[in-house]
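According to my numbering, the sequence shown holds residues 394 to 835 in order. Ideal placement from N, C-alpha and C gives every residue a C-beta, glycine not left out. All of these numbers come straight from a predicted model, not from anything done at the bench. Notes follow once the structure below has been shown.
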Amino acid sequence: MGESFTKLEGELLVKTRLLLVALVVCHSSVALAQGGSLYSRFGIGEIRTQATAQSAGMGFAGAAIPDPFYINRINPAMLTAVDQARVSGDFSYIGYLATTAQASGYQVVAGWEGASLAIPIWNARVVLSTGLLPYSRINYKQTQQGRFVAQSSSDTVRYTFSYRGLGGLNSAPVAVGVVPVKDEEKWGVLRLGSAINFIFGASTQGSEHQFAAFELVDSAIEFEDRLAGTSLTLGAAYSTRQGIFAAADQFTLGVSWTTGTTLKGTRQAILINNLGSSQFQTRDTLWVLDGEAKLPSSITISTAYTANSSLTIAADLTVQEWADVRYFGAQSEIQRNALRLALGAEIIPSSEARANVFLRSAYRLGAYYHRTNIQIAGTGIDELGITFGMGIPLSAESSRLDIYLHYALRGTKESNLIQENIFRIGAALNIGEKWFLQRKIE
């Protein structure tokens, strides 16, 4: 193991020197193509917001909205707004237009974005919920090509350096929400909730160096990580009685806190050498070690104002303490504390059952500022975004088809960094049915 590790260090040092020489004295180009965000190569990857499609259309605000059609994924106390068994599934298409001072490229990620199930019992005073949600995603591929002059032969040698990663973490929450106090005409509604979050996942990240010269060995190094652990989320929310400023208006204030946690797992390093061609490829497992990754605590403070059955306004603030997070024993200099501030609104023109589908649909818009957890060479990576959404009632009044559009600008081209224009189209299907609830007889 020691000999292989020394060999790896030597080859990486040589390749690093060659890369530096190439950047200075020869022609080179960077191709930004394939995969998702290039910023997902750092830490555990690109952190996903576990929002409903309703929230996504409102600038990712709305954790305090007591809406019976949506399974709240941020605050387990708000699960008690659900008054019938409900299942939801989310899908998205995300395009990343990445630009540097020298090059640009377009990457695409499309597919599943999570699923949730909620079941109310005891006359909807208790709601149980579970699901499978993305926590982070690693998906990138970057290629750099150029030429340098070999010292041994003075020949010009073409090279290709590739960096790639795929994987991420998932979260499977098991949550319960309860309503200890419910008197909307006098005292309002108090909601409490908690969740155990089972976090697990795997990822592979690596780099590959190829040379158009037989005397230089093509090689690649891969790191395969597997992690698992649990965290706890506690939530509370209070909705005022109706009629604060108008006949049917209501304020809701919610707070949810998720503990930091330590994920246990393994990391495996694999060295791949191509001696002239892929037919003479060797794969050496350099080492397999046990390790851990620490995830930060987070707190979300949210508020919502329901003016009437037609208008809802929401605002959320989320803070995560990434600065002291460690990954397999190392504290990363690229991590910083993260903050997200979101504001959104929803309008439903009519609540009349006989109105046409366009009048009964929900129309949403929102905006947010995200101070991400990444900083590179002292430069923080910030994100600004706007969203638009629509909730369409289906033939069954308890079901919804939600669609949203999302545009964001992340990062900067200064200091040789990457600026990303993010385009997202998302859709979710929410289906409800009455289970385990006593039916009222008129």
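Residue i - containing beta strand (DSSP E), residue span
{"i": "Phe751", "result": "Run containing Phe751: none in the beta strand (DSSP E); it sits in the alpha helix (DSSP H), 750-753."}
{"i": "Ser448", "result": "Careful: Ser448 lies outside any beta strand (DSSP E), inside the alpha helix (DSSP H) at 446-450."}
{"i": "Val502", "result": "497-514"}
{"i": "Asn481", "result": "Correcting the residue identity first, residue 481 is Ser in this sequence and not Asn. From DSSP, the beta strand (DSSP E) with Ser481 extends over 478-492."}
{"i": "Ala454", "result": "Here Ala454 belongs to no beta strand (DSSP E), and DSSP marks it neither H nor E."}
{"i": "Asp717", "result": "No beta strand (DSSP E) contains Asp717, which DSSP labels as neither H nor E."}
{"i": "Glu739", "result": "731-740"}
{"i": "Asn814", "result": "812-826"}
{"i": "Arg803", "result": "793-804"}
{"i": "Glu776", "result": "772-786"}
Residue i - partner residues in DSSP beta bridges
{"i": "Gln643", "result": "Thr699"}
{"i": "Trp650", "result": "Leu627, Ile692"}
{"i": "Ser564", "result": "Leu526, Ile592"}
{"i": "Gln443", "result": "Answer is none; Gln443 lacks a bridge partner."}
{"i": "Asp683", "result": "Thr659"}
{"i": "Val571", "result": "Val519, Leu585"}
{"i": "Lys534", "result": "Arg557"}
{"i": "Arg676", "result": "Ile665"}
{"i": "Gln768", "result": "Gly773"}
{"i": "Phe616", "result": "Gln598, Ala662"}
{"i": "Ile464", "result": "Ile464 pairs with nothing; no bridge assigned."}
Distance between beta carbons of residue j and residue i, contact taken as under 8 Å
{"i": "Trp828", "j": "Ile589", "result": "23 Å between Cβ atoms; not a contact."}
{"i": "Thr659", "j": "Gly684", "result": "7 Å"}
{"i": "Gln500", "j": "Tyr486", "result": "So it is not a contact: roughly 12 Å between Cβ atoms."}
{"i": "Leu510", "j": "Asn532", "result": "Actually they do not touch by this definition, with Cβ atoms about 27 Å apart."}
{"i": "Glu578", "j": "Arg530", "result": "Not quite, the Cβ-Cβ distance comes to about 46 Å (not below 8 Å), so this is no contact."}
{"i": "Thr478", "j": "Asp460", "result": "Sequence inspection shows Ala at residue 478; the Thr mentioned does not correspond to that position. Contact flag wrong, Cβ pair sits at about 16 Å."}
{"i": "Gln654", "j": "Ser632", "result": "Checking the displayed sequence, the identity of residue 654 turns out to be Thr instead of Gln. Not confirmed; about 30 Å, so no contact."}
{"i": "Ala738", "j": "Thr705", "result": "7 Å"}
{"i": "Arg441", "j": "Pro566", "result": "Wrong, their Cβ atoms sit about 14 Å apart, outside the cutoff."}
{"i": "Ala731", "j": "Gln713", "result": "4 Å"}
{"i": "Glu776", "j": "Leu802", "result": "7 Å"}
{"i": "Thr626", "j": "Thr645", "result": "Thr626 to Thr645, Cβ: 18 Å. No contact."}
C-alpha distance - residue i paired with residue j, whole-angstrom precision
{"i": "Ser754", "j": "Ile740", "result": "8 Å"}
{"i": "Gln495", "j": "Gln728", "result": "26 Å"}
{"i": "Leu656", "j": "Asn701", "result": "44 Å"}
{"i": "Arg551", "j": "Thr492", "result": "24 Å"}
{"i": "Gly450", "j": "Gly722", "result": "38 Å"}
{"i": "Phe781", "j": "Ala454", "result": "12 Å"}
{"i": "Thr805", "j": "Ala630", "result": "38 Å"}
{"i": "Ala820", "j": "Arg540", "result": "45 Å"}
{"i": "Ile818", "j": "Ser430", "result": "16 Å"}
{"i": "Ala760", "j": "Thr696", "result": "15 Å"}
{"i": "Thr597", "j": "Leu472", "result": "35 Å"}
{"i": "Asn814", "j": "Gly778", "result": "10 Å"}
{"i": "Asp476", "j": "Ser690", "result": "30 Å"}
{"i": "Arg757", "j": "Asn563", "result": "28 Å"}
{"i": "Ser481", "j": "Ser788", "result": "16 Å"}
{"i": "Ile665", "j": "Val681", "result": "15 Å"}
{"i": "Phe816", "j": "Thr772", "result": "24 Å"}
{"i": "Leu710", "j": "Gly498", "result": "32 Å"}
{"i": "Arg557", "j": "Gly599", "result": "6 Å"}
{"i": "Thr796", "j": "Ala456", "result": "Checking the sequence, you will find Ile at residue 796 rather than Thr. Near 18 Å, if we compare the C-alpha coordinates of Ala456 and Ile796."}
{"i": "Leu525", "j": "Phe484", "result": "13 Å"}
{"i": "Ala595", "j": "Asp677", "result": "20 Å"}
{"i": "Arg764", "j": "Trp715", "result": "11 Å"}
{"i": "Leu751", "j": "Leu734", "result": "Here residue 751 turns out to be Phe, not Leu, going by the sequence shown. Each residue's alpha carbon lies about 30 Å from the other."}
{"i": "Gly825", "j": "Phe638", "result": "32 Å"}
{"i": "Ser421", "j": "Ser725", "result": "Unreliable positioning characterises Ser421 in this predicted model, as indicated by a pLDDT of 42, which lies under 50. The coordinate reading is nonetheless provided below. The straight-line gap from Cα to Cα measures roughly 29 Å."}
{"i": "Ala444", "j": "Asn766", "result": "18 Å"}
{"i": "Gly561", "j": "Ser649", "result": "24 Å"}
{"i": "Gly622", "j": "Ile592", "result": "5 Å"}
{"i": "Val718", "j": "Gly438", "result": "13 Å"}
C-beta neighbour in chain C for residue i, strict 8 Å
{"i": "Ala697", "result": "Any reference to chain C falls outside this structure, which holds one protein chain only."}
message: Between the stretch 465-479 and the stretch 576-588, can you find at least three pairs of beta-carbon atoms closer than 8 Å?
response: yes
message: Between the stretch 514-524 and the stretch 568-578, can you find at least three pairs of beta-carbon atoms closer than 8 Å?
response: yes
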